[in-house]
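Structure record follows, encoded as structure tokens.
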Amino acid sequence: MRLFSKSILLILAVLLAGTSVYAQEATKRVFSLQEAIAHAIENNVTVKNERLNEAIATAQVKETVAQGLPQINAAGNITHNAIIPITFLPANALNPGAPDGVFMPVPFGVPFQSNVSVSAEQLLFNGSYFIGLRAAKVYKELTLKNTVKAAIDVAEGVALAYYGALVAEERIALLDANVQRLDTLYAETRAMNENGFVELIDVQRIKVNLNNLRTELENVQRSYTLNLSALKYQMGLPNNADIELAEQIRNLEVDEPGLGLDSYQQRIEYQQLNINRDLANLDLRNTRMRYYPTLSLFGNFGYNAGKSKLGDLFQESPDFYLPMGGADVLIEAHTWNPFTAVGVNLNIPVFDGFLKANTIRRQRLITEQVDLQIKNLENAIDMEVQQAQVNLQNSLQSLETQQENMELAQEVYRVTKIKYQQGVGSNLEVVEAENALKTAETNYYQALYNALVSRVSYDKATGNLLK
45 MRLFSKSILL ILAVLLAGTS VYAQEATKRV FSLQEAIAHA IENNVTVKNE
95 RLNEAIATAQ VKETVAQGLP QINAAGNITH NAIIPITFLP ANALNPGAPD
145 GVFMPVPFGV PFQSNVSVSA EQLLFNGSYF IGLRAAKVYK ELTLKNTVKA
195 AIDVAEGVAL AYYGALVAEE RIALLDANVQ RLDTLYAETR AMNENGFVEL
245 IDVQRIKVNL NNLRTELENV QRSYTLNLSA LKYQMGLPNN ADIELAEQIR
295 NLEVDEPGLG LDSYQQRIEY QQLNINRDLA NLDLRNTRMR YYPTLSLFGN
345 FGYNAGKSKL GDLFQESPDF YLPMGGADVL IEAHTWNPFT AVGVNLNIPV
395 FDGFLKANTI RRQRLITEQV DLQIKNLENA IDMEVQQAQV NLQNSLQSLE
445 TQQENMELAQ EVYRVTKIKY QQGVGSNLEV VEAENALKTA ETNYYQALYN
495 ALVSRVSYDK ATGNLLK
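If you count by the working numbering, then the sequence shown holds residues 45 to 511, one letter each, in order.
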């Protein structure tokens, strides 16, 4: 028995690709088990949250990629030098006749200055960047596995709640039929008592059984409501949603266990743990890369200006002539004057107080821990598969036995009632046969439920629940 058809796998694929649609209908909706699982995977809050984690991981990959692209920034400022700094110059530099050793205070600067610039930097080599990019992609893969794990858990929860509701629904029908049958017997026995054919205690005995049966029916009805509420919760539906189950427990079949687990990779937990090991190894490689130098290219281009008045910063300065060497030289004055610079930045790690060395030791221990966890998971999977297989075989054997018991109890009740109606059987025999039949029916459907649950556990243990 497999919980998923190809159509449901297509829905899961759409979910993992990032498509989600949720629509709540006011009318009653009928769900088969596969439809209930598909709806749950599409609308369950846990699965939705894991899909959001996928989107977050995708954004993190893009963030990491962006760090290796050119980083371009623009800047600008206007500064008011309220007190212009003083610089001391030799007096004879300004006046050849001044004595040596005399310095004159000269203000250097202007009251208002401004500059605008554009800077760019491009990473040329950084080992940690490339490792980080790989780690981000591996982490994204982990979030995809987490979504599948959430879908598997939700599918299991839906199946258990669905089967529980089906069993309760069938037991309600059986108990209701038993109540009607016993109520008819009670009326017949009471009439026979009134005519003097049976004693009052026979009537009372049936009445006690009838009351107990009605109480049990009410309990099972409440159990059905609880199972239905659990199913709606797993499906991402509000508790007041009106749904109906399309299947009947009597029509379900439980397959024999298959060949078991072909590979540990069939288990999503094993896949998750292997990705965690990859991430641990990438962390270790990233720390080792921090021993290597980093290299980047930078460039800067801009304009600056200086004026005595703020408003002059936004006006073009006039050209003027400056006498030099007995001649007047034309000076082209510009308010804004360009500047540019290019270069490379090289950063070479020398000594960090053994920080990286100790970090590497710690990360190696973490990697060893993950390896031990993987080995332990392999042993746990072997045990789970064996246990699930044994439980399924026991459940199937019990189901076969309980089915035979129920058929025998039905025949015993039929014969006992005929004998009682013909006056060759006692009322006590009918009551006992009725109780035996009710017990046999209850045991059968409980055995069927246990077999279905065991099959779900077996499929999950072998990694085949969503296949």
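We put the CB at the ideal spot given by N, CA and C, even for glycine.
Quantities reported herein were computed from a predicted structural model and do not represent experimental measurements.
- Message: According to DSSP, simplified to helix, strand and coil, what is LYS511?
- Response: Taking the sequence shown and counting its residues from 1, one reaches residue 511 at position 467. It is coil, neither helix nor strand.
- Query: Among the residues of its own chain, which have a CB less than 7 Å from the CB of GLN447, if the five just before and after it don't count?
  - Reply: By one-based count along the sequence shown, residue 447 stands at place 403. These residues qualify, in order along the chain: TYR488.
- Query: Is it true that the segment 121-129 meets the segment 222-235, where meeting means three or more beta-carbon pairs spaced less than 8 Å apart?
  - Reply: no
- Pull up the DSSP beta-bridge partners for GLN163, would you. Reading the sequence shown from its first residue, position 119 is the one you call residue 163. It should be pointed out that residue 163 corresponds to Ser in this sequence rather than to Gln. ASN117 and ASN344, per the DSSP bridge assignment.
- Please list, in chain order, all residues of the same chain as ASN190 whose beta carbon is under 6 Å from its beta carbon, the five residues on each side excluded. Here the question's residue 190 lines up with position 146 in the sequence shown. So the list reads GLU94, once near-sequence residues are dropped.
- Task: Pull up the distance between the alpha-carbon of GLN430 and that of TYR336, whole angstroms please.
- Result: If you number the sequence shown from 1, residue 430 lands on position 386. If you number the sequence shown from 1, residue 336 lands on position 292. Taking the straight line from one Cα to the other gives about 50 Å.
- Task: Please work out which residues of its chain come closer than 6 Å, Cβ to Cβ, to LEU218, disregarding the five sequence neighbours upstream and downstream, and give them in chain order.
- Result: Start at 1 with the first residue of the sequence shown, and residue 218 comes out as number 174. Closer than 6 Å at Cβ, skipping near neighbours: GLU485.
- Return helix, strand or coil for GLY397, following the three-state DSSP convention. By 1-based counting over the sequence shown, the position of residue 397 is 353. Note: GLY397 maps to coil in three-state DSSP.
- Which residues bound the beta strand (DSSP E) around PHE174? One-based indexing of the sequence shown puts residue 174 at position 130. Where PHE174 is concerned, there is no enclosing beta strand (DSSP E), although the alpha helix (DSSP H) it sits in stretches over 171-238.
- Is the beta carbon of VAL198 sitting closer than 9 Å to the one on ASN121? Along the sequence shown, one-based indexing puts residue 198 at 154. Along the sequence shown, one-based indexing puts residue 121 at 77. Cβ distance not < 9 Å, so VAL198 and ASN121 don't count as in contact.
- Task: State the CB to CB distance for the pair LYS4 and ASN222, rounded to an integer number of angstroms; the pair is presumed to be in contact (CB under 8 Å).
- Result: With the chain running from 45 to 511 in the structure shown, residue 4 is simply not present.
- Span of the alpha helix (DSSP H), counted from its first residue to its last, around ASN320: For this step, residue 320 is matched to residue 276 along the sequence shown. Note, ASN320: alpha helix (DSSP H), 312-333.
- Quick one: using the 10 Å Cβ neighbour count with 16 as the cut-off for buried, is THR233 buried or exposed? Position 189 of the sequence shown holds residue 233. THR233 should be labelled buried.
- Which of helix, strand or coil does DSSP assign to GLN157? As a position in the sequence shown, residue 157 is number 113, starting the count at 1. If DSSP states are grouped into helix, strand and coil, GLN157 belongs with the strands.
- Message: Need the endpoints of the beta strand (DSSP E) that GLU288 sits in, please.
- Response: Mapped onto the sequence shown, residue 288 falls at position 244. GLU288 -> beta strand (DSSP E) spans 287-289.
- Please check the pair ALA209 and LEU272, which I expect to be a contact at CB under 8 Å, by giving their CB distance rounded to whole angstroms. Here residue 209 is taken as the residue at index 165 of the sequence shown, counted from 1. Here residue 272 is taken as the residue at index 228 of the sequence shown, counted from 1. With 8 Å as the limit, ALA209 and LEU272 qualify as a contact, their Cβ atoms being about 5 Å apart.
- Item | Residue interval of the alpha helix (DSSP H) (run including ILE85) | Mapped onto the sequence shown, residue 85 falls at position 41. Counting along the chain, the alpha helix (DSSP H) containing ILE85 begins and ends at 77-87.
- Task: Classify MET450 as buried or exposed, calling it buried when 16 or more other Cβ atoms lie within 10 Å of its own Cβ.
- Result: Here residue 450 refers to the residue found at position 406 of the sequence shown. MET450 should be labelled buried.
- Item | Buried/exposed call for ASP327, threshold 16 Cβ in 10 Å | Counting from one through the sequence shown, the residue named residue 327 turns up at place 283. Answer is buried; the Cβ neighbour count reaches 16.
- Task: Can you say whether TYR66 is buried or exposed, counting buried as having 16 or more other CB atoms within 10 angstroms of its CB?
- Result: For the purposes of this step, residue 66 is identified with residue 22 of the sequence shown, where counting begins at 1. Note that TYR66 scores 41 on pLDDT, short of 50, meaning its location in the model is unreliable and no value can be drawn from it.
- Query: Based on Cα-Cα distance, which residue from ALA80, GLU428, LEU440 and GLN466 lies nearest to THR506?
  - Reply: In the sequence shown, residue 506 corresponds to position 462, counting from 1. Checking every option, the nearest Cα to that of THR506 belongs to GLU428.
- Query: By a C-beta neighbour count over all protein chains shown, 10 Å radius and 16 as the cutoff for buried, is THR15 buried or exposed?
  - Reply: No answer is possible for residue 15: it lies beyond the span of the chain, which begins at 45 and ends at 511.
- Message: If distances are taken between C-alpha atoms only, which option among ALA110, THR187, PRO140 and ARG215 comes closest to LEU177?
- Response: Numbered from 1 along the sequence shown, position 133 holds the residue referred to as residue 177. The candidate whose alpha carbon is nearest that of LEU177 is ALA110.
- For LYS351, which beta-bridge partners are listed by DSSP? Translated into positions along the sequence shown, residue 351 becomes position 307. PHE156.
- Query: Anyone know if the C-beta pair for GLY298 and SER439 falls short of 9 Å?
  - Reply: Your numbering for residue 298 matches position 254 in the sequence shown. Your numbering for residue 439 matches position 395 in the sequence shown. First, the residue type needs correcting, since residue 298 is Val and not Gly in the sequence shown. A contact, by the Cβ cut-off of 9 Å.
- Please report the residue range of the beta strand (DSSP E) in which VAL150 lies. By one-based count along the sequence shown, residue 150 stands at place 106. Element bounds for VAL150: 147-151.
- Task: Determine the direct distance from the alpha carbon of GLY112 to that of LEU323, and round the result to whole angstroms.
- Result: What you label residue 323 is simply residue 279 of the sequence shown in a count that begins at 1. What you label residue 112 is simply residue 68 of the sequence shown in a count that begins at 1. If you take the alpha carbons of LEU323 and GLY112, they lie about 21 Å apart.
- Taking the C-alpha atoms as reference points, what is the distance between LEU492 and THR102? Within the sequence shown, residue 492 is the residue found at index 448, counting from 1. Within the sequence shown, residue 102 is the residue found at index 58, counting from 1. Computed Cα separation, rounded: 45 Å.
- Message: Given this structure, state the Cα-to-Cα distance separating THR108 from VAL497, to the nearest angstrom.
- Response: Here residue 108 refers to the residue found at position 64 of the sequence shown. Here residue 497 refers to the residue found at position 453 of the sequence shown. Between THR108 and VAL497, the C-alpha separation is close to 45 Å.
- In the DSSP assignment, what residue or residues form a beta bridge with ARG95? In the sequence shown, the residue the question calls residue 95 occupies position 51. None; ARG95 has no bridge partner.
- Task: Just the C-alpha distance for LEU289 and LYS184, rounded to the nearest angstrom, thanks.
- Result: Residue 289 sits at position 245 when you count from the first residue of the sequence shown. Residue 184 sits at position 140 when you count from the first residue of the sequence shown. Answer to the nearest angstrom: the Cα atoms are 37 Å apart.
- Count the C-beta pairs between the segment 72-88 and the segment 141-160 that are closer than 8 Å, then say yes if the count reaches three, no if not. no
- Task: Please confirm if LEU113 has its CB atom under 9 Å from at least one CB of chain D.
- Result: Reference to chain D is not applicable here, since this structure consists of a single protein chain.
- In this structure, does DSSP put VAL242 in helix, strand or coil? Here residue 242 is taken as the residue at index 198 of the sequence shown, counted from 1. Of the three classes helix, strand and coil, the one that applies to VAL242 here is coil, per DSSP.
- By Cβ distance, which residues of its chain are closer than 8 Å to ILE522, with the 5 residues on each side in sequence left out? There is simply no residue 522 to check, as the chain begins at 45 and stops at 511 in what is shown.
- Task: Consult DSSP for THR90 and reduce its assignment to one of helix, strand or coil.
- Result: Counted from its first residue, the sequence shown places residue 90 at position 46. THR90 falls in the helix class under three-state DSSP.
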